[in-house]
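Enquirer:
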Amino acid sequence: MNKIPSFSINHLTLQPGLYVSRKDYLKDDVLTTFDIRMTAPNREPVLDTDGVHAIEHLGATYLRNHRDWSGRVIYFGPMGCRTGFYLILYGDLSSAEIVPLMRDLFAYIAAYEGEIPGARPEECGNYSDMSLEKANLYARHYLDVLRSIDESRLSY
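If you want it as structure tokens, here you go:
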């Protein structure tokens, strides 16, 4: 089998950032997959599942309700390695184009209080594995990355 492109990125030097992971072409349409890398792989601790799960619920809810971007959201979810998230948007986009959206998203998560959307047993298959405190903490950490992001953290 061929090695998929994301396994060709050197994870020993990859820094937290916002990267275009891939672009998929469906006839004339483009889907852009973003690598929302929140921790330095293999060098920083991975994100705990309860914090990741809370970010997934908060992030998906925020993005799918966003007045400008909701119609372009295909998918938002965690990486299996628990070092970040993938966001798939409709359109041929660059990382720089969505930095403002990511700043707004992670500011929302960092400040969020109250019940996590979809966190009831009838709404989620693992509703008890969520931590709003960790989601807030992880979002604040990633906001620091986004506030000073430059080209070195916008493309592999």
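Residues 37 to 192, numbered by our numbering, are exactly what the sequence shown covers, in order. In this text, a Cβ means the ideal position worked out from N, Cα and C, and glycines have one as well.
Distance, Cα to Cα, N38 vs L54?
Expert: Roughly 25 angstroms between the two C-alpha positions.
Enquirer: Would you identify the three-state DSSP class for V234, choosing helix, strand or coil?
Expert: Residue 234 lies beyond the stretch modelled for the chain, which goes from 37 to 192, so this question has no answer here.
Enquirer: Suppose you measure from the CA of N78 to the CA of R118; what does that come to, to the nearest Å?
Expert: Roughly 11 angstroms separates the two Cα atoms.
Enquirer: Given this structure, state the Cα-to-Cα distance separating R58 from G127, to the nearest angstrom.
Expert: Going by the C-alpha atoms only, they are around 12 angstroms apart.
Enquirer: Shorter than 7 angstroms, the distance from the beta carbon of A132 to the closest heavy atom of the ligand SAM, or not?
Expert: Because no ligand of any kind appears in the structure shown, any question about the ligand SAM cannot be addressed here.
Enquirer: Please name the residue in S191, L141, H93 whose C-alpha comes closest to that of N162.
Expert: For N162, the nearest C-alpha among the options comes from H93.
Enquirer: Between the alpha carbons of M166 and G87, how many angstroms are there, rounded?
Expert: If I take the Cα positions, the gap works out to 6 angstroms.
Enquirer: Using the rule of at least 16 other Cβ atoms within 10 Å of the residue's Cβ for burial, across every protein chain shown, is Y61 buried or exposed?
Expert: Exposed, by the Cβ-count rule.
Enquirer: For a quick check, are the C-beta atoms of A175 and I91 less than 8 angstroms apart?
Expert: Yes, the pair counts as a contact, with Cβ atoms nearer than the cut-off.
Enquirer: Helix, strand or coil, according to DSSP, for T49 in the structure here?
Expert: If DSSP states are grouped into helix, strand and coil, T49 belongs with coil.
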